[in-house]
Amino acid sequence: MKIGNYLLLFFSLFLLSSCSETVSFEAGDIKDDFCGVHLNYQYCKCAFHNDFCDQIAMSKKEAKKYVNEQYDKWLETELADFEKTCTEDNGIFENKKCKYCGEDELASEGKCISQADVLIEEDGIISEEGDEGECKYDSDCKPICEGNTMWKMGCNPRLNMCEKTFDTNCRSNSESFGDMIFSMVCSGGECVRDLAAVDNKRQELEEKKKKASDSLKDLNKKRDDLNVVMLESNKNCLNGIADMTNVAIVEFATRVASISTGGVPDLASVSVDYVNDALNRLGAYANGEPEEEEKKLKPDEYIKINCDLYKYFSEELASTDQELDELLEEAKSAEASLELLPS
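Going by our numbering, the first residue of the sequence shown is number 1066, and it counts up by one from there.
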């Protein structure tokens, strides 16, 4: 074999032994790799499909902003892990790429250099492995929290130090109580219940229950008043002439005025089919019997207005039935949700 061929073979073997590989960091897809894995799927469903927005109490726009922010944080963590893995596996990290050194090389100060050049330094590192450090086994390392990210820790056998291994985004884990969903938080190296969120929900439900209960009391008072004046209107409609004394008219007009914010004139604005201004003249009796003869009610007007008022108050009372049912349901729903929440 010629000398030239020997030289060619030597350089070929040298290149093979010193070859390196470059790997680029690939960002995971926000929908395929991030949503549902590192973040509660409901946020992504709201952000991209306008679903589950009520459950997370966010609008589509707010959810999309939140998802993008969490995705960016996740990418930063993924890139940091990529860099860490690169350097631990004898690589050089630069510009989101990892250049792995060859089998006979070591990464040092951003370069791949021959193992022979760092043999003494390497021996020094190896001699330190027996020194007592932070850990000897993975079980010596406890998980830690960084924000709401829980990091599993492992022991580096060369340095006897605890290092991050893999992460769990606690916010991607959730607890459900009925239709109430709460993302978890990281505390003490664990994914745990978000007590603050649960307490806020409890306060919200208690306020909702109290508001519904107070509204029920007010509505029942209104219904009682409507029922009284409705029955009196019916009685006057049937026995109008017999009961038509000035004192009775004044008392009736006062009672009618008391159940309407705007008094009898306010009723006139929403009622129909009254004789001339008879309803307004009834309102005048609320301040006592009018002195002017033309302002006084005639028997037929008094009977007519009572019959019409009976119909009006009957309809008004019936219209509150649905409101009553809705308030009862609202109060029951709040109470049922409160019972589901953990103490």
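Quick reminder that beta carbons are idealized off the backbone N, C-alpha and C, glycines included.
Beta-carbon contacts of residue i that lie in its chain and below 6 Å, excluding the five residues immediately before and after
i, result
"Glu1395", "Ala1277"
"Gly1175", "Ile1157"
"Leu1392", "Ala1277, Ser1280 and Leu1281"
Residues of its chain near residue i, where Cβ-Cβ distance is below 7 Å and the 5 sequence neighbours each way are ignored
i, result
"Lys1164", "Ser1085, Thr1087, Gly1156 and Ile1157"
"Leu1104", "Val1132, Gln1135, Asn1234, Arg1236 and Ser1237"
"Ala1349", "Pro1355 and Lys1360"
"Gly1254", "Lys1207, Pro1208, Ile1209, Cys1210 and Met1215"
Anticipated Cβ contact below 8 Å, residue i with residue j, distance rounded
i, j, result
"Trp1216", "Pro1222", "Trp1216 to Pro1222, Cβ: 19 Å. No contact."
"Phe1242", "Asp1259", "Between Asp1259 and Phe1242 the Cβ distance is about 12 Å, and since that is not below 8 Å, they are no contact."
"Ala1318", "Leu1296", "Going by Cβ atoms, the distance from Ala1318 to Leu1296 rounds to 16 Å, so no, they are not a contact pair."
Among the options, nearest to residue i - alpha-carbon criterion
i, options, result
"Val1250", "Leu1270, Asn1213, Phe1317 and Lys1201", "Asn1213"
"Glu1269", "Glu1388, Ala1092 and Leu1406", "Leu1406"
"Glu1380", "Lys1274, Leu1291, Lys1125 and Ala1128", "Leu1291"
"Arg1267", "Cys1100, Phe1090 and Leu1403", "Leu1403"
"Tyr1375", "Val1294, Ser1237 and Lys1397", "Val1294"
"Asn1238", "Cys1256, Met1123 and Ala1128", "Cys1256"
"Met1226", "Glu1168, Ile1368 and Asp1205", "Asp1205"
"Ser1252", "Gly1198, Pro1355, Glu1272 and Glu1211", "Glu1211"
"Lys1161", "Cys1177, Thr1142 and Leu1171", "Thr1142"
"Glu1199", "Cys1177, Leu1224 and Ser1179", "Leu1224"
"Pro1364", "Thr1385, Gln1387 and Ala1313", "Ala1313"
"Cys1302", "Lys1361, Cys1372, Leu1171 and Asp1094", "Cys1372"
"Glu1091", "Phe1147, Lys1397 and Lys1282", "Phe1147"
"Thr1150", "Glu1228, Gly1167 and Lys1397", "Glu1228"
"Ala1262", "Ser1408, Ser1089, Glu1358 and Phe1117", "Ser1408"
Own chain partners of residue i with C-beta closer than 8 Å, once the 5 adjacent residues on each side are dropped
i, result
"Asp1188", "Model confidence at Asp1188 stands at a pLDDT of 46, short of 50, so the residue's coordinates are unreliable and nothing is read from them."
"Tyr1131", "Tyr1108, Ala1112 and Met1123"
C-beta atoms of residue i and residue j nearer than 8 Å
i, j, result
"Ala1128", "Ala1145", "no"
"Lys1274", "Ala1401", "no"
"Met1218", "Thr1233", "no"
"Leu1389", "Leu1284", "yes"
"Phe1378", "Ser1298", "yes"
"Asp1220", "Lys1201", "The amino acid at residue 1220 is misidentified as Asp; the sequence shows Cys. Going by C-beta atoms, Cys1220 is nearer than 8 Å to Lys1201."
"Lys1126", "Asn1115", "no"
"Ser1179", "Glu1170", "yes"
heavy atom of the ligand GDP below 7 Å from residue i C-beta
i, result
"Pro1407", "Among the ligands in the structure shown, none appear at all, so the ligand GDP cannot be discussed."
### Query
Along the chain, which unbroken stretches of the alpha helix (DSSP H) at least 4 residues long are found entirely within the segment 1207–1271?
Assignment of alpha helix (DSSP H) within the segment 1207–1271, counting only whole runs of 4 or more residues, yields no such run.
### Message
Ignoring anything shorter than 3 residues, give me the beta strand (DSSP E) runs that lie fully in the segment 1095–1177, in order along the chain.
### Response
Qualifying beta strand (DSSP E) stretches, in chain order: 1156–1159, 1162–1165 and 1170–1173.
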